[in-house]
Amino acid sequence: MNPILQKAYNSELKACRRNLEYFIETWVKIEDKDAPGIIVPFRLWEAQKKALYSINENRLNIILKARQLGITWLVLAYAVWCMLQAGITVVALSRTETEAKELVRRVSVILNHMRGICREKEWGGMTWSSTALSVTMTNPDEPESTFQAFASTPGAGRSFTANLIILDEWAFQQFADKIWVSAYPTVSRPTSGKVIGLSTIKRGTLFEKIWTEVEDFNRIFIPWSADPRRTPEWYERQKRVLGEKVLAEFPATPEEAFTVVGGVFFEEVRAHIHLVDYLPQGVCRRYISLDYGLDKLAAYWHRVDDQGFDIVYREIAKSGLIASEAAAAIKAANGTEEIDAIYAPPDLWNLDRHTGRSTAEIFSDCGLPMTQTSNDRVQGWLDLKEWLSPIEERDVQTGETRLTARMRFLRNACPYLWRCLLSIQKDEREPNDCAKYPHELTHGPDALRAFAAGRPMPGEQEENRDPLGKPDYEDQVNSFFAYDGGF
C-alpha cells in the first residue's frame, strides 16, 4: 500500500474504531429479503440505534424482541466493530451447530463487503479469514481478533475466554443454565467483558428468569413496530394468521411477550385459589412425594384431611446430593412426624450399573421405604390436574361461595415448586404432556405426579401431630425449609 493510501486507510480505520454508528452506516452491509437487493447498506432504524448505544454502554445486556427485526445482524455488526479494536475475542452460542455456522456466515457477509477496511488477501491493511465456525481478523503489528461460534452443549461455556459473549435465541438453548454458570466467569473481569443475550420469549427458561428477576442486566425490548415498514394493517394480518401466538411472535410490550396464552401446562393454578396461609388442625394423613436425581432432589410433604383435601406444606429443592445424602436431608426435615407413605416414580428402582443397587434400596436402608407409583405421564398429569382443578366451596357461616382445590400449597413454603407450576409449558408435540425442557422445571411437578399416581387415602384418625399449628406458621415453617435458593 502506497503512503497516500496508507494514510487514508489509517485515518478511516481510526474513525471507524472511534464511532460505532459511523462504522455501521458507512461500511456494514447485510442481507435484507424485504429490500430491492439482497445485500443492502445497514441503515439503522431509530429503535436499532437506541439498542446499539444501550448495548455499548452496558456490560450485561438482555434483549427481548419481536421476530424478524434484524437484531441478530445488529449484534453481529457490533461484534465486528469490537473486533476492529484488535485483540478481541467474541464467542457466540447458538442452539445447534447449523445455527452457529449461520452466525459465522453472516459475519463473513459483513466482512466481505468491507473491502476498504478489511480484505481476505494480503494488501497492507487488515485481513480476515474464516472456517465453518470461526472468523479471524488481523491488522499488521496488532494482535488478531477472533469470532468463534459454538453449539449450546453442556460443556460449551468452559471452553473459551472472551471479551464479548453473544447468546443467540437464548430462551431456546437447551442447556442455558449450565452454559451460563460456566460462561459468565469468563467475562466477569473487573474492568472488561460484555454479554449480549437476545431472544424471542419462551416461558420457564433462564432467559425469562434473568429478564424478570436479575436487576444487574440491562433490559432492551424491541417491539414489532420497530420496523417502520410495519403498519397496523400489517399487524392485523399477522394476528389473523397466527391467532393468540401473535403475542409471543410479535409483541408490542414486554407484558404481551410474556402472555403466552395456551402455553402454560398448569393453566388452572392461581394464587388466590391454591395458596393458603396456615395448616388446619384435625384428622389427616401425611405423605411425602419426591423426584430424585443428582441434579435435583425435589421432595414435598402433604397433609390430606378426612375430606381428601391436600395441603403441600414443606419443600426440599437441593442439587448435588447423592442418594444417601438426599435420604438424610428428608429425615432431617421431617423430624418426628409420622408419614403414612413416601411416593416416588419407578426410575428410582432402577439398578445402578456400577453398584448394583437402586436409589429406592438406599433410601430404604436409611429408614425411608418408598412406594413405587406409575410412570404413565399422561395419566399422571390427568390425575394431578384433578387435584388442582378449581372447585366451588360454600362457607357454612356466610353462605358465600369461593373457589378452592383439592390440592393447595402453604404460602411461601414451596418457592421452587410454585415457580415450576407457573412456568412449565405444554409439550409442543403432545398437548397432554408437559415439556421436558428446561429440565430444571420438571422435578417439582414430577414429584406431585408421583403423589397423584399413588392414590393417597384421606385421614381417618384424630391426630395431634401437627407441628405448625395456626396461624403463626411462618416462623415455624422456616425452621423446616431446606430450599437452597438455586434455580
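Start counting the sequence shown at 7; every next residue gets the next number (my numbering). Note that the Cβ used here is the ideal one computed from N, Cα and C, for glycine as well.
query: Helix, strand or coil for K324, going by three-state DSSP, please let me know.; result: strand
query: What's the C-alpha gap between R111 and G460?; result: 53 Å
query: By Cβ distance below 6 Å, which residues in the same chain neighbour A333 in space, the five residues on each side in sequence not counted?; result: F369, C372, L374
query: Could you check what DSSP says for E469 in three-state terms: helix, strand or coil?; result: With a pLDDT of only 43 at E469, under 50, the local geometry of the prediction cannot be trusted, and the value read off the model is given with reservation. Three-state DSSP puts E469 in coil, outside helix and strand.
query: Go ahead and pull the three-state DSSP assignment for L204.; result: strand
query: With a threshold of 16 other CB atoms inside 10 Å of the CB of I44, please say whether the residue is buried or exposed.; result: exposed
query: Starting from P47, follow its DSSP beta bridges and name the residues at the other end.; result: K35
query: Give me the residue from D301, I226, G299 with the minimum Cα distance to E63.; result: I226
query: Could you tell me the alpha carbon to alpha carbon distance between I116 and L66, rounded to whole angstroms?; result: 25 Å
query: Please confirm whether R209 and V270 have their CB atoms less than 8 Å apart.; result: yes
query: R195 and S158: beta carbons closer than 8 Å?; result: no
query: To the nearest angstrom, how far is it from the Cα of R49 to the Cα of P396?; result: 53 Å
query: Using CA coordinates, which residue listed in S364, D452, R125 is at the minimum distance from R383?; result: D452
query: Note down the Cα distance separating G386 from I430, rounded to an integer number of angstroms.; result: 16 Å
query: Quick test of your reading: L510 and E274, contact by CB under 8 Å. State the CB separation rounded to the nearest angstrom.; result: There is no way to answer for residue 510, as the model of the chain reaches only from 7 to 493.
query: Give the secondary structure of H308 by DSSP, where H, G and I count as helix, E and B as strand, and everything else as coil.; result: strand
query: Note the first and the last residue of the continuous beta strand (DSSP E) segment covering N224.; result: 224-228
query: Tell me whether F256 sits in a helix, a strand or coil according to DSSP, three-state version.; result: coil
query: So is N470 buried or exposed if we call it buried at 16+ other beta carbons inside 10 Å?; result: Note on N470: pLDDT 45, under 50, position unreliable in the model; the coordinate value appears next. So N470 ends up on the exposed side.
query: Pick out whichever of L296, T137, L173, L427 has its Cα sitting closest to the Cα of L281.; result: L427
query: Alpha carbon to alpha carbon, how far is I69 from P260?; result: 11 Å
query: What residue from V247, A277, R236 has the CA that sits closest to A258's CA?; result: R236
query: Under a three-way DSSP split, which group does Y84 fall into?; result: helix
query: If you pair each beta-carbon of the region 432-442 with each one of the region 286-293, do three or more pairs fall below 8 Å?; result: no
query: Which of the three DSSP states, helix, strand or coil, is assigned to Y319?; result: strand
query: When you compare the CB positions of L357 and L454, do they come within less than 8 Å of one another, or not?; result: no
query: What residues are listed by DSSP as bridge partners for K432?; result: C440
query: Could you have a look at Y284 and say whether DSSP puts it in helix, strand or coil?; result: coil
query: In whole angstroms, give me the CA-to-CA distance for L474 and D311.; result: Confidence in L474 is poor, its pLDDT being 42 and thus under 50, which makes the residue's placement unreliable; the coordinate value appears in the next sentence. In a straight line, the C-alpha of L474 is about 15 Å away from that of D311.
query: Straight-line CA distance for F228 to V34?; result: As written in the sequence, residue 228 is Ile, which differs from the Phe given in the question. The alpha-carbon atoms of I228 and V34 are separated by roughly 21 Å.
query: Using only CA atoms, which one of W79, L19, E399, K127 lies nearest to I279?; result: E399
query: Quick check on this structure: which residue in Q313, W355, Y298 has the alpha carbon closest to the alpha carbon of I336?; result: Y298
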